[in-house]
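**Student:** First the structure, which I've put down as structure tokens, then a few questions once you've had a look.
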Amino acid sequence: MADSSSGKGLLDHAVKPKHLKRYKDLGRLVLRYGEAAGVRRAGLGTALEDLRDDPEEITAGKPEDLAADLEKMGPTFIKLGQILSTRPDVLPPAYLEALTRLQDNVEEVPFEEIERVVSEELGVRISKAFRSFESRPLAAASLGQVHRAELRDGRVVAVKVQRPGIRDTIRTDLEALEELAQLADSHTDAGRRYSFTTLLEEFRDALLAELNYREEASNLTALADSLKEFPSILVPRPIPDYCAERVLTMEYVHGANLASLSPVVRLEADRKGLLSELFRAYLHQALVDGLVHADPHPGNVFLTPDNKIALIDVGMVLRIPEGMREELLKMVLALSEGDGEDAARLCERMGDATPQYDRKAFTRQVARMAVHAQQAHGQDAQMGRVVLAVARAAGEHGLRPPRELTLIGKTLLALDGIADLLDPEFDPHAAIRSNALSLAQRHLLLSTKPGSIVSSLLETRDFVTELPRRVNRALDALGENNMEVRVRVIDESQILTGLHQMANRLSMATILAALIVGASLLMRVPTTWTVLGYPVIAVLFFVAAAAGGITLLWSIWKGDKKTEREAKGG
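The sequence shown lines up with residues 21 to 590 when you count with the numbering used here.
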């Protein structure tokens, strides 16, 4: 542990005074939910002096308390908690579950400020762009709030408006987090193990993408196109002329989110059919199209009056590379079949192994989890829990799982939560197995791109075009006796000679050993024929054995020298 003076020097050198409040807030979190020594090793001990006099500040907090503390710290840390909820290799299960329930409980932005943002982004007054615009929001979140409005042509829309000044707040918070992440990576074991800088980069990319509403509009369109073959799944499309970087206008979805529905309404819906199609749609978009709505919790999933499932709030969308889709598909299928060894192998192939990686221990643990999950029922059979458990086991055994795996696990876990609301008896393993063949077929068809087909055809054309010329050259060389066949073979005679020499040496060594054993036994036989008090025959055997041993050693040495000279000469 570094002393206070060294910590102070590091702090003064690495951080900025304007971020001291954020350092203190973050340090308080670590003191309550982490290891205080890690904070001091990172050089933050002097920034937390005032906390040590208040026992309440350093009392270990419960997982629910962490979610509440992050909510108090503002939108950046609410989003950070949501990202951390996808990292089972970093946090224990209780904290992951608490952070999954993290909510954006924020005050509404005054309508005057909302009106100003809309006018600045669209370039016209609200009264010119919309026939009506409700001043009271439908929902208020940490990054923005949603208002119901009506376009000039009569269409009812939902308008998502970004909170004024939120970008500057997030930019300042990200700077403080970046400095602390660099310190933690350099001066703590946890930082070197988990690479907080890498984690922060992923968080920054996701958060900045969520702040750009044009990108969310693109996500809505892509998701709607991906799920257009599922008639019971609805994705509101954006209104392009009314979208900007801080304003997103989309089709209005009538209905209510699943979390707010009464049990009677849920019973009236086609629960099994809707849930089966929703699960199939997510498997299709994740493992075939590579586009995942990464936050399908019940608050973001609506049930419409005509019994359709509507997906809203697609600010967080995961795009999975084509190569990883196939690996993820194989892994999910392996887990559903209870093949833990194959699942562990696939996870290792996708992940990043550290020097501490223990392959055998990881494989054994995943095998046990897969068998247990296959035999489980109810909540224990939830596929999301299994995938996240595999990712957590990877982190425990020194394997950094890919971000795509943990987000897929979180998505499946959210679907499991929806299943609990609609149909508690739903079996995700059976759903995956029943859709396995169609998923594989679709993946195979989509992976066969026109470009690869054209490339293969061109290579085939080149082969067919060159084949007659190559055959003619070979036949001409054969007719002119210019055909040469070069084959490297082993010299059988040399091998047989070596084997004979080896057998002879072994035989001679056996005979010499027998002579020595026999001479030792004859030493105990009384006889009148002695030399220096020893039996003559025994002495003769010893002399013969010694002479034979010397001869054998000479033969071995001479043969090895000859072989060495031949090798150098060849």
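Glycine included, every Cβ here is placed at the ideal spot set by N, Cα and C.
Out of curiosity, what's the CA-to-CA distance linking Y302 and L433?
**Tutor:** One C-alpha to the other measures close to 12 Å.
**Student:** Do V267 and V166 have their C-beta atoms closer together than 9 Å?
**Tutor:** Contact flag unset, no.
**Student:** S155 lies in the alpha helix (DSSP H); which residues open and close that run?
**Tutor:** From DSSP, S155 is part of no alpha helix (DSSP H); its letter is neither H nor E.
**Student:** Where do the N-terminal and C-terminal ends of the beta strand (DSSP E) with H274 fall, by residue?
**Tutor:** Premise fails: H274 is in no beta strand (DSSP E) and is neither H nor E.
**Student:** Taking the DSSP output, what are the residues bridged to G164?
**Tutor:** Answer by DSSP bridge pairing, in chain order: Q182.
**Student:** Report back the beta-carbon spacing between L338 and L427 to the nearest angstrom; my notes put them in contact at under 8 Å.
**Tutor:** The pair is a contact, with the Cβ atoms about 5 Å apart (cut-off 8 Å).
**Student:** Output the boundary residues of the alpha helix (DSSP H) element that contains L16.
**Tutor:** No answer is possible for residue 16: it lies beyond the span of the chain, which begins at 21 and ends at 590.
**Student:** Say the cut is 8 Å; is the CB of P83 nearer than that to a heavy atom of the ligand COA?
**Tutor:** In the structure on display, the ligand COA does not appear, and there are no ligands present to speak of.
**Student:** Select from L219, G360, S356 and D45 the residue whose C-alpha is nearest the C-alpha of R453.
**Tutor:** Here the closest residue by C-alpha is S356.
**Student:** Give me the Cα-Cα distance between V352 and R168, rounded to the nearest whole angstrom.
**Tutor:** Their Cα atoms are separated by approximately 40 Å.
**Student:** V129 and P95 - do their beta-carbons sit closer together than 9 Å?
**Tutor:** No, they are not a contact pair.
**Student:** Excluding the 5 residues preceding and the 5 following G538 in the sequence, name in chain order all residues of the same chain whose CB lies nearer than 6 Å to its CB.
**Tutor:** Cβ within range, chain order: F561.
**Student:** If I follow the unbroken beta strand (DSSP E) through V308, where does it start and stop?
**Tutor:** Premise fails: V308 is in no beta strand (DSSP E) and is neither H nor E.
**Student:** What are the residues that DSSP puts in a beta bridge with I428?
**Tutor:** BP columns for I428 are empty, so no partner.
**Student:** Compute the Euclidean distance between the alpha carbons of S25 and R42, then round it to the nearest angstrom.
**Tutor:** Note that S25 has pLDDT 39, beneath the 50 cutoff, so the model's placement of it is unreliable and the number below is only indicative. Distance between the alpha carbons of S25 and R42 is about 21 Å.
**Student:** Which residue from L49, L100 and L294 puts its Cα closest to that of L219?
**Tutor:** Closest by alpha carbon: L100.
**Student:** Contact defined as beta carbons within less than 8 Å: I believe V312 pairs with I340. What is the distance between those atoms, to the nearest angstrom?
**Tutor:** Contact flag correct, Cβ pair sits at about 7 Å.
**Student:** Using the DSSP secondary-structure output, state which residues sit across from D440 in a beta bridge.
**Tutor:** Answer is none; D440 lacks a bridge partner.
**Student:** Taking the DSSP output, what are the residues bridged to A387?
**Tutor:** Paired residues: none, contrary to the question.
**Student:** Please work out which residues of its chain come closer than 6 Å, Cβ to Cβ, to R420, disregarding the five sequence neighbours upstream and downstream, and give them in chain order.
**Tutor:** Excluding sequence neighbours, R420 sits near G371 and D372.
**Student:** Can at least three beta-carbon pairs, one atom from the stretch 133–152 and one from the stretch 255–272, be found at a separation below 8 Å?
**Tutor:** Because the criterion of three Cβ pairs below 8 Å is met, the stretch 133–152 and the stretch 255–272 touch.
**Student:** Please say whether Q402 and D443 have beta carbons closer to each other than 9 Å?
**Tutor:** No, these two residues do not count as a Cβ contact at 9 Å.
**Student:** When you compare each of R369, G404, T374 and G358 to Q385 by their alpha carbons, which one comes out closest?
**Tutor:** That would be G358, whose Cα lies nearest to the Cα of Q385.
**Student:** For the beta strand (DSSP E) that contains I329, what are its first and last residues?
**Tutor:** Where I329 is concerned, the enclosing beta strand (DSSP E) stretches over I329 to L331.
**Student:** Could you check the C-alpha separation between T241 and A381 for me, to the nearest Å?
**Tutor:** Between T241 and A381, the C-alpha separation is close to 44 Å.
**Student:** Rounded to whole angstroms, what is the Cα-Cα separation between K582 and L535?
**Tutor:** Cα-Cα distance, rounded: 30 Å.
**Student:** Can you tell me which of G185, E91, A529 and A439 puts its alpha carbon nearest to the alpha carbon of I570?
**Tutor:** Nearest of G185, E91, A529 and A439 to I570, Cα basis: A529.
**Student:** Span of the alpha helix (DSSP H) holding V138?
**Tutor:** First-last of the alpha helix (DSSP H) with V138: F131 to L142.
**Student:** Are the CB atoms of R345 and V308 nearer to each other than 9 Å?
**Tutor:** Against a cut-off of 9 Å, the Cβ pair of V308 and R345 comes out as a contact.
**Student:** Count the other CB atoms, across all protein chains shown, that sit within 10 Å of the CB of E424; report buried if there are 16 or more and exposed otherwise.
**Tutor:** Counting Cβ neighbours within 10 Å, E424 comes out buried, since at least 16 surround it.
**Student:** Beta carbon of A201, beta carbon of T217: below 9 Å?
**Tutor:** Yes.
**Student:** Which class does H614 belong to by DSSP, given the choice of helix, strand or coil?
**Tutor:** In the structure displayed, the chain extends from 21 to 590; residue 614 sits before or after that span and is not available.
**Student:** So, with DSSP's three-state summary, where would you put R145?
**Tutor:** Of the three classes helix, strand and coil, the one that applies to R145 here is coil, per DSSP.
**Student:** Less than 9 Å between the beta carbons of V273 and I186, yes or no?
**Tutor:** Result no, Cβ atoms of V273 and I186 do not sit closer than 9 Å.
**Student:** From which residue to which residue does the beta strand (DSSP E) around R339 run?
**Tutor:** Run containing R339: V337 to R339, per the beta strand (DSSP E) assignment.
**Student:** Give me the residue from V407, E127, Y377 and E84 with the minimum Cα distance to A118.
**Tutor:** The option with the nearest alpha carbon to A118 is E84.
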